[in-house]
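Okay, structure first, notes after.
Below, the structure is given as structure tokens:
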């Protein structure tokens, strides 16, 4: 099981949802959600899918390490901007 799969299963269980309930809330098929939870290699969620799942679970997408990693890969400039803002705030 991948790290993302473990995070997903834990959050779903914490919210006391079945796979079918979460899939319905997130607008996904139950079989795709099951593939994500099993960590199948071909099942790699996009940022949009991660956001849909987080919204359905009523959690911040940042709770998923995969989301944070995907954002860094897609928007490396955000890291530089955040670093610069932190340096400026620290004075």
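Numbering (the numbering used here), first residue to last: 942 to 1032.
Don't be surprised by glycine CBs; every beta carbon is placed ideally from N, CA and C.
If you're wondering where the values come from, they're calculated on a predicted model, not measured in any experiment.
Neighbourhood of residue i by C-beta distance below 8 Å, restricted to the same chain and skipping five residues each side
i: residue 943; result: 980
i: residue 984; result: 973, 976 and 977
Cβ-Cβ separation, residue j to residue i (assumed contact under 8 Å), whole Å
i: residue 946; j: residue 966; result: Not quite, the Cβ-Cβ distance comes to about 19 Å (not below 8 Å), so this is no contact.
i: residue 952; j: residue 1004; result: 7 Å
i: residue 948; j: residue 1006; result: 7 Å
i: residue 961; j: residue 954; result: With a Cβ gap of about 14 Å, residue 961 and residue 954 do not count as contacting.
Nonlocal neighbours in the same chain, by C-beta distance under 7 Å from residue i, ignoring five residues either side
i: residue 1105; result: An answer regarding residue 1105 cannot be provided, because it is not within the stretch 942 to 1032 covered by the chain.
i: residue 1036; result: Given a span of 942 to 1032 for the chain in the structure shown, any question on residue 1036 remains unanswerable.
Contact test: residue i Cβ vs the ligand ADP heavy atom, cutoff 8 Å
i: residue 945; result: As for the ligand ADP, it is missing from this structure, which has no ligand bound.
Own chain, CB closer than 6 Å to residue i, minus 5 neighbours either side, in chain order
i: residue 1002; result: 991, 992, 995 and 1008
i: residue 958; result: none
Q | Completely contained alpha helix (DSSP H) runs for the region 968-995, where each covers 4 or more residues | A | Taking only runs of at least 4 residues, the alpha helix (DSSP H) segments lying wholly in the region 968-995 are 971-979.
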